[in-house]
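To keep things clear, I will list the structure first and then write my remarks on it.
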Ligand SMILES: C[S@@+](CC[C@H](N)C(=O)[O-])C[C@H]1O[C@@H](n2cnc3c(N)ncnc32)[C@H](O)[C@@H]1O
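In our numbering, the protein residues as written are 52 to 547.
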C-alpha cells in the first residue's frame, strides 16, 4: 500500500491522546524503593514511537528539572512534537525521526526510564529486536522500562477480524481512509450474512460496532499496520530477558489493586509452578482476566534501593466524583466510601503528606488510598522545591493547549506543576478556562467560539438544534465545571 514505512502506516497521522501510564511519578510509586527516580530530582526519560508526542511534551513541561528524548518514524508526528516544544519553550525535550536502530546509534544519555506505549505489538520482529538492542545500549542498570501492549489471549477472537479488514483494505480503491471504510463495510456484509465466524464468536459483532464509532486515524494505526502482533506475556518476558530486564510491577494502580484478589486463583490454577515462576503466574493472570492490553514495568538488573521518604498526594477528582462501586480493572470493587470521601475532601485544600492524611482514618485509610489510586482520583504530589519553575513551564504549555482548543478537539489534558503529570480535560472545559483567563464570561466565550466554528456540543448523544438551547447547555456545563472541576484544577496548578 502507498505511504507505508516498513509496513507502518504514515499516510494518516495518529491521534492526539494523553496516556497517563507514561507519567514517571506514578511509576516511581509503584516501584517504591526500587524506583530509579526520586521526587523532584533530575532524571533522563525516553519515549520510543511517541506518536504525536503530546504525552511526552506535557511530561517535559511538568518536569523541567528532567530531560526528555523520543523518536517516531513518522515525520509529521515529530513535527507536531517539535511544534509543541517550540511553542511552549521547552528546552528539555529533544525528538528524532530516526527509526529504533538508527536512533540507538546516536549520542544519547543512559536513561533512567524508557517508555513504549502501543508500540511493541504494532511493529515486526526486526523492530522488536531493535528495541531490545536500544534498551541494552541505553538503559541504566536499575533503569525502568514501561511497556503498554496488546496481549493474548484477550485478543484471540479478534485476530481474524483484523486479518479480514486488512485483506479488504489491501484490495480497496482510493486513499487509506476510503479503503478502511470499504473494509469495515466488508466485515458488516459478512456479519449480515451470518457468517460462521461471527456466529461462533458473538463478541466480534460488538467489537465491530465499536470500531464503526472510532475515528479513522485511530483505526488506521490500531488495525491497518502490516505488523500487528498481540503477544503472550511470557514471549515478551523472554524477549527482554537478554537485556537483564524482569517484570517489577504492573503499571496501572487498578491492576495492582486487583493483584491481591487474583493471587489465590493463580495459585489454585497453577500450583507450585505458578508459585515458583512469576512469568507463568502472569500468563495465568492474563487467562483469568482475559484483558486485551497490559501495562508493565520492567526493571534492569544492577540497580540499588533506597528508603522511600514520606509521600504526598494530590486530588485528581472532586469528592462528588467518588462512586460507591466501580470496576477499575476486570473485577468489581466496593469503595470504602466514607474514608475515601474524607481523603478527597482533605485534598481539596492542597496536597498532603500521606501520614498526615491517613492519621484521622485509622485502619480504613490505607485501603481507601489504594482504591483512590486504582480509580485515578489521586496522584503523587512533588515536593514544593522547584514548584515555581514547574509552574512557569506548565503555564506556557497550558496556554498553548487552551489556544489550540479554539479550532481543534485534541490533546485532552493539561500539565500539572503539582504532580509533574497531566490532568484530563475536554475541549469545552478548555474553552471555559480560556474565557476565564481572558476575563470573559466562560460559558458565553465557549458558546461564541463554537458557534463561530459552526459546531455544537451534543446533548445525550444528539445534536442540539437551536443556538438558544446550545447556549443554555453550555451555561449548565459551566455551572457544574465551576463547582466540581475548577477547584481541582486550581489545586493542581493547571489553572493560573
Ligand atoms: C500505535 S502508534 C502509538 C503512538 C504513541 N506511542 C501513542 O500511544 O499515542 C505506534 C507509533 O510507532 C511509530 N513507529 C513505528 N515504527 C517505528 C520505528 N521503527 N521507529 C520509530 N517509531 C516507529 C509510529 O509512527 C507510530 O507513531
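From the three backbone atoms N, C-alpha and C, an ideal C-beta is built for every residue, glycine too.
For clarity, every value in this text was computed on a predicted model and none was experimentally measured.
- Of all C-beta pairs linking the stretch 149–156 to the stretch 466–473, fewer than three are shorter than 8 angstroms, placing the two stretches out of contact.
- The DSSP-derived three-state label of residue 193 is strand.
- In its chain, beyond the 5 residues on either side, 447 have a beta carbon closer than 7 angstroms to the beta carbon of residue 140.
- Taken through DSSP and simplified to helix, strand or coil, residue 437 comes out as coil.
- When C-alpha distances from residue 434 are compared across 80, 528, 73 and 92, the shortest belongs to 92.
- For the pair residue 81 and residue 341, the Cα-to-Cα distance works out to about 23 angstroms.
- With distances taken between CA atoms, residue 395 lies nearest to 371 out of 371, 201, 415 and 379.
- Spatial neighbours of residue 307 in its own chain (CB-CB distance under 6 angstroms, excluding positions within 5 residues in sequence) are listed in chain order as 301.
- If you draw a 10 Å sphere on the C-beta of residue 303, you find 16 or more other C-beta atoms in it, and that means buried.
- A straight line joining the alpha-carbon of residue 416 with that of residue 309 spans about 18 angstroms.
- The C-beta distance from residue 442 to residue 480 rounds to 20 angstroms, too long to fall under 8 angstroms, and the pair is not in contact.
- The DSSP-derived three-state label of residue 340 is helix.
- Distance from residue 430 to residue 484 at the Cβ level is roughly 20 angstroms; contact not present, criterion being Cβ atoms closer than 8 angstroms.
- For residue 334, same chain residues with a beta-carbon under 7 angstroms away, outside a window of 5 residues either side, are 283, 284 and 285 in chain order.
- For residue 75, the uninterrupted alpha helix (DSSP H) run begins and ends at 75–82, by DSSP.
- Per DSSP, residue 159 lies in no alpha helix (DSSP H) segment and is marked neither H nor E.
- Within the chosen limit of 7 angstroms, ligand 1 reaches the beta carbon of residue 178 through at least one heavy atom.
- Per DSSP, the beta-bridge partners of residue 513 are 510.
- Placement of the Cβ of residue 124 at a distance of less than 7 angstroms from at least one heavy atom of ligand 1 is found.
- Of 105, 166 and 124, the smallest CA-CA separation from residue 138 is found for 105.
- Residue 120 and residue 102 have their C-alpha atoms roughly 13 angstroms apart.
- The residues 471, in chain order, have a CB closer than 6 angstroms to that of residue 114 in the same chain once the five nearest residues on each side in sequence are set aside.
- In this structure the stretch 309–320 lies against the stretch 378–390, because at least three pairs of beta carbons, one per stretch, are closer than 8 angstroms.
- For residue 260, the uninterrupted alpha helix (DSSP H) segment begins and ends at 254–263.
- Residue 399 and residue 108 have their alpha carbons spaced roughly 27 angstroms apart.
- Ranked by Cα distance from residue 98, the first of 182, 156 and 135 is 182.
- Positions of the alpha helix (DSSP H) runs, each at least 4 residues long and wholly inside the stretch 88–135, are given as 105–113 in order along the chain.
- The count of Cβ pairs closer than 8 angstroms, one atom from the stretch 347–360 and one from the stretch 402–420, stays below three, leaving the stretches out of contact.
- No Cβ-Cβ contact shorter than 8 angstroms links residue 163 with residue 294.
- Residue 534 sits exposed, since fewer than 16 C-beta atoms from the chains shown fall within 10 Å of its C-beta.
- Our two residues, residue 512 and residue 332, have alpha carbons roughly 42 angstroms apart in a direct line.
- Taking a C-beta distance under 8 angstroms as the contact criterion, residue 497 and residue 525 qualify as a contact pair.
- Under the 8 angstroms Cβ criterion, the stretch 204–220 counts as touching the stretch 250–260, having at least three qualifying pairs.
- Taking 8 angstroms as the upper bound for CB-CB distance, residue 437 and residue 116 are in contact here, some 6 angstroms apart.
- In terms of side-chain proximity, the C-beta atom of residue 151 is found nearer than 7 angstroms to a non-hydrogen atom of ligand 1.
- The secondary-structure analysis by DSSP pairs residue 166 across a beta bridge with 98 and 197.
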